[in-house]
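Take a look at the structure below.
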Amino acid sequence: MWMFFYDKSILRCHETKSCKYLYNKRVMDKEGNEVENIFRLSDDWGGLTEHGTIVPFGVGRIGRRVIPSLMKEFDIPFLIDNGGNAKEVYGLDVLDLKQAAACLREKHLKVVVTTVFYSYEKIKQDMEALGFIENKDFCIFERFAEEWNLRWRNKCVLSKVDTVITSRCTLKCKNCNMFISHIPAPHDIDINRLKTNFDLFFDCVDYVYEYTLLGGEPFIHKDIAGIISYLGRRYGDKIGRINLISNGTVIPNDEVFDLLKKYDVTVHVSDYTCSIDYKRNLEKLQERLVSEGIGHYVIPNNTWKDVIYPREGYKAENPKRHMLLCGHSTHSVADGKLYWCDPAFAAECFMGFESKEDDFLDLEANKRNYSKYEATLNIIKYLLGDVNERGYMSICERCAGVGSDNDLTVPAGEQMERKG
Ligand code: SF4
0 MWMFFYDKSI LRCHETKSCK YLYNKRVMDK EGNEVENIFR LSDDWGGLTE
50 HGTIVPFGVG RIGRRVIPSL MKEFDIPFLI DNGGNAKEVY GLDVLDLKQA
100 AACLREKHLK VVVTTVFYSY EKIKQDMEAL GFIENKDFCI FERFAEEWNL
150 RWRNKCVLSK VDTVITSRCT LKCKNCNMFI SHIPAPHDID INRLKTNFDL
200 FFDCVDYVYE YTLLGGEPFI HKDIAGIISY LGRRYGDKIG RINLISNGTV
250 IPNDEVFDLL KKYDVTVHVS DYTCSIDYKR NLEKLQERLV SEGIGHYVIP
300 NNTWKDVIYP REGYKAENPK RHMLLCGHST HSVADGKLYW CDPAFAAECF
350 MGFESKEDDF LDLEANKRNY SKYEATLNII KYLLGDVNER GYMSICERCA
400 GVGSDNDLTV PAGEQMERKG
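All residue numbers for the sequence shown refer to numbering that gives the first Met the number 0, where the first residue is 0 and numbers rise by one.
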């Protein structure tokens, strides 16, 4: 794992008021050479520390999940969205970019774009066409959460991580990008192993806006109640929102419903009824979520990108560019190791893909070997896409990904033949 250091003389300077953020200008490697600075936000973002004003852009699923947490920390005068459907969200007016532009300019408001990477690219073009400058006037939410909190609050804050709790599933999707249908011996991850993973993660991370549990099908984990309860009870105050992704085939028991409610878990139900006939079950689950008052989304999945792996047949020509174009909007944490995307975790842990040591970040070693500040820099650098010296994970050479350089699609949820 490629790590880098701050210059200690510069850190001392940071502690004096006169040149508070000077250390942001230079980042040093182990040999004392200056390396590329991962920080991009202009210094005036520092003015937001005292309950400053920001404007979230995007009221889709990510926006709706993180805006309530942002409202606790910042003044939010209005929201922006170009979809045109919502006029008001969380009691705030939703404007389109053209309506908002004059006010943003006049009041020098900072915009935080609450979308995934591939939607961000289009918004970035629209903002730049109106004269706004990236990282000065606006930035993507992940950079805001991670860079802003480290630079101006000295905290390790992440936007979103996922943990896979089981490789067992009720479906056998041919093109699952967690490769579940190809796993020789699907199994639940032992609850004690999961608890240790949560402990290791929160030993290094002060706050995460979203923590997502997924599988396989998480509702069939035999200790699902214990897992939700441990995460919510121990770490609920360090998590903006707990999510759980289900395929909607399973109705959990009353204890699980009580815990979903108690810890305000949002259930994301992937709807594969375009390929599989289970509409009645999915509706039953939805009815129960409604009657229990549990936040949820039902997300119709009609097509997926074909990532090709674990089949042979894909070889990235420029894996670094390919990984960044893919911009897979997930980061996995398992056994105290951080993987840039969920498929990278699944390839190594379920399919036996031989990752290189610098493909992931070992949180325990990172904590042991570096100061809190250095360790946080390493985490942020990794999550913002600078994963190692090569600039990509080795699995990206064989995985076609979900970016704009992959136009292969397959029907979502198409099933493999079941034996016996
Ligand atoms: S191409 Fe790389 S980053 Fe994208 S899904 Fe595949 S392994 Fe993950």
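Glycine residues also receive a C-beta, built at the ideal position from the N, C-alpha and C atoms.
So which residues put a beta carbon under 5 Å from any heavy atom of ligand 1, going in chain order?
The filter returns Met322, Cys325, His327, Cys340, Pro342, Ala343, Ile394, Cys395, Cys398, Gly400, in chain order.
Any idea which residues DSSP pairs Leu423 with across the strands?
Residue 423 cannot be examined here, being either before or after the span of the chain that is shown, 0 to 419.
Pair every Cβ in the segment 391 to 404 with every Cβ in the segment 224 to 237, then say whether three or more of these pairs are closer than 8 Å.
no
In whole angstroms, what is the alpha-carbon distance linking Ile250 and Thr169?
12 Å
With the cut-off set at 8 Å, would you say Asn420 and Asn377 are in Cβ contact?
Lying outside 0 to 419, the shown extent of the chain, residue 420 is not represented and no answer is given.
Could you spell out where the alpha helix (DSSP H) holding Thr195 opens and where it closes?
190 to 203
So, do the segment 127 to 145 and the segment 75 to 87 have three or more beta carbon pairs nearer to each other than 8 Å?
no
Quick check on Met415: buried or exposed, where buried means 16 or more other Cβ atoms within 10 Å of its Cβ?
exposed
For the segment 299 to 364, list the beta strand (DSSP E) runs that are entirely contained and at least 3 residues long, ordered along the chain.
302 to 304, 331 to 333, 336 to 338, 359 to 361
Which of the three DSSP states is assigned to Asn242 in this structure?
Asn242 falls in the strand class under three-state DSSP.
Leaving out the 5 sequence neighbours to the left and right, which residues in its chain are closer than 7 Å to Ala224 when beta-carbon positions are compared?
Glu254, Val255, Leu258
Note down the Cα distance separating Val409 from Asp305, rounded to an integer number of angstroms.
6 Å
Under the rule that 16 or more other beta-carbon atoms within 10 Å means buried, what is Ala343, buried or exposed?
buried
To which residues does DSSP link His267 through a beta bridge?
Ile244, Tyr296
With distances taken from CA atoms, which of Leu212, Glu356, Ile238 is nearest Ile226?
Leu212
Could you have a look at Ile139 and say whether DSSP puts it in helix, strand or coil?
strand
How would you label Pro217, buried or exposed, when you count the other beta carbons within 10 angstroms and need 16 or more for buried?
buried
Indicate whether Cys155 and Thr375 have their beta-carbon atoms separated by less than 8 Å.
yes
Once DSSP output is grouped into helix, strand and coil, what is the label at Leu212?
strand
Ignore the nearest five residues each way along the sequence and tell me which others in Asp361's own chain have a CB closer than 6 Å to its CB.
Lys336
Going straight from the alpha carbon of Tyr89 to that of Pro67, what length do you get?
8 Å
So what does DSSP say about Ser158, is it helix, strand or coil?
Ser158 falls in the strand class under three-state DSSP.
Can you tell me the Cβ-Cβ gap for Leu40 and Asn134, rounded? I've got them flagged as a contact below 8 Å.
The C-beta distance from Leu40 to Asn134 rounds to 5 Å, short enough to meet the 8 Å contact threshold.
Taking DSSP as the reference, what is the three-state secondary structure of Lys109?
strand
In chain order, what residues of the same chain lie with their CB nearer than 8 Å to the CB of Ser370, ignoring the 5 residues before and after it?
none
Any idea which residues DSSP pairs Asp74 with across the strands?
Thr52
Identify whether Arg89 lies in helix, strand or coil by the three-state DSSP scheme.
Per the sequence presented here, residue 89 reads as Tyr, with Arg not at that position. Residue state, collapsed to three classes: coil.
Please classify Lys50 as buried or exposed, where buried requires at least 16 other C-beta atoms within 10 Å of its C-beta.
As written in the sequence, residue 50 is His, which differs from the Lys given in the question. It counts as exposed.
How far does the alpha helix (DSSP H) with Val255 in it reach, from first residue to last?
253 to 261
From which residue to which residue does the alpha helix (DSSP H) around Val289 run?
Here the alpha helix (DSSP H) through Val289 covers 278 to 291.
According to DSSP, is Ala399 part of a helix, a strand, or is it coil?
Three-state result, Ala399: coil.
Provide the residue span of the beta strand (DSSP E) that contains Thr165, from first to last.
Per DSSP, Thr165 belongs to no beta strand (DSSP E) and is neither H nor E.
Compare the C-alpha of Trp303 against each of Met177, Gln124, Lys237 and name the closest.
Met177
Roughly how many angstroms separate the alpha carbons of Tyr381 and Met322, rounded to a whole number?
13 Å
In terms of residues, what are the limits of the beta strand (DSSP E) holding Pro410?
Unbroken beta strand (DSSP E) run through Pro410: 408 to 410.
If you count every other CB in all the chains shown that lies within 10 Å of the CB of Val289, and 16 or more means buried, which is it?
exposed
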